[in-house]
DNA sequence: ATTCTGATTCTCT
DNA sequence: GAGAATCAGAATT
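Shown next as structure tokens:
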């Protein structure tokens with residue numbers, strides 16, 4: 001049991017996750033989210049994440065204060081923040097930070113290392129044939145998560161969704177850049193991904209404004 | 001290959 | 001009422 005509790009594949013502890021979301025994002029690369037719902041197990045090794053750091057971050061859902069939606073981002077760390085977006089999708093975050101400072105890490109993409117058949121069934125139209133979860137809403141639906149999983153404790157082995165430790169990712173394999181789909185705070189490189197992973201989503205600039213040559 | 005757009009409803013102003 | 005941490009398919013900017 002000691003080996004189980006220390007090595008890759010073990011459920012991560014709250015202490016490991018109770019850090020600044022920018023550090024947590026880097027730390028989550030290579031770790032895995034595993035959902036164990038009624039219809040089976042799906043495990044995704046995280047390859048792309050983004051930090052959202054509450055009060056200082058105009059792109060964070062917490063920027064304008066505490067609301068019923070963003071309540072779980074105020075902690076405790078290690079819980080799941082799921083939100084509904086664009087009228088049809090859910091996105092999942094790992095809550096980090098403590099001390100009354102809200103923050104979380106959006107999980108954007110990963111490799112489906114277990115349960116590819118179930119992943120395909122849950123997301124039949126996704127590109128990648130069930131082997132990758134490319135994009136935050138795809139990743140969330142492949143894990144079978146929605147509104148009802150908001151607030152789940154990822155560090156509790158009894159939870160339907162848990163966060164598993166992974167093999168360390170070498171620093172030279174980690175790349176950073178601006179966050180996807182975010183117009184504000186383009187200067188902070190709070191998107192982290194594993195270089196060369198087939199799961200990493202293509203960058204899209206945020207905001208509805210589109211540059212036009214004339215008009 | 002890249003760029004554009006419709007889909008669809010919750011949340012906060 | 002406007003905008004949204006998106007996706008997939010269609011058009012070709």
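Residue numbers (the working numbering): 1 to 215.
Where a beta carbon is used, it is the ideal one built from N, C-alpha and C, also for glycine.
Residue environment: residue 191 is assigned as buried (16 or more neighbouring CB atoms within 10 Å of its CB, all protein chains considered). Taking all protein chains in view, the Cβ of residue 141 is crowded by 16 or more other Cβ atoms within 10 Å, so the residue is classified as buried.
Secondary structure at residue 54: helix, using DSSP grouped into helix, strand and coil. One alpha carbon belongs to residue 96, the other to residue 122, and they sit about 28 Å apart.
Contact between residue 174 and residue 26 holds, with the beta-carbon distance rounding to 7 Å and staying under 8 Å.
In this structure, the straight-line span from the alpha carbon of residue 119 to that of residue 129 is close to 9 Å. Boundaries of the beta strand (DSSP E) around residue 175: 174 to 177.
Membership of residue 191 in the beta strand (DSSP E) is indicated by the continuous run 191 to 194. For secondary structure counted as the beta strand (DSSP E) over 3 or more consecutive residues, the region 82 to 155 holds these complete runs in sequence order: 89 to 95, 104 to 114, 132 to 134.
The beta carbon of residue 182 lies closer than 7 Å to those of 59, 206 in the same chain, with the five residues before and after it left out.
Per the C-alpha coordinates, the member of 163, 91, 75 positioned closest to residue 82 is 91. For a cut-off of 8 Å, the C-beta gap from residue 111 to residue 126 is around 13 Å, too long to register as a contact. In the structure shown, the three-state DSSP call for residue 32 is strand.
Annotation for residue 178: 186, 189, 191 place their beta carbon closer than 7 Å to its own, counting only its chain and skipping 5 residues before and after. Ranked by Cα distance from residue 155, the first of 13, 6, 69, 138 is 13. Counting along the chain, residue 162 sits inside the beta strand (DSSP E) bounded by residues 161 to 164.
Membership of residue 15 in the alpha helix (DSSP H) is indicated by the continuous run 14 to 17.
Listed in chain order, the non-local C-beta contacts of residue 147 below 8 Å within the same chain comprise 82, 84, 90, local neighbours out to five positions each way being set aside.
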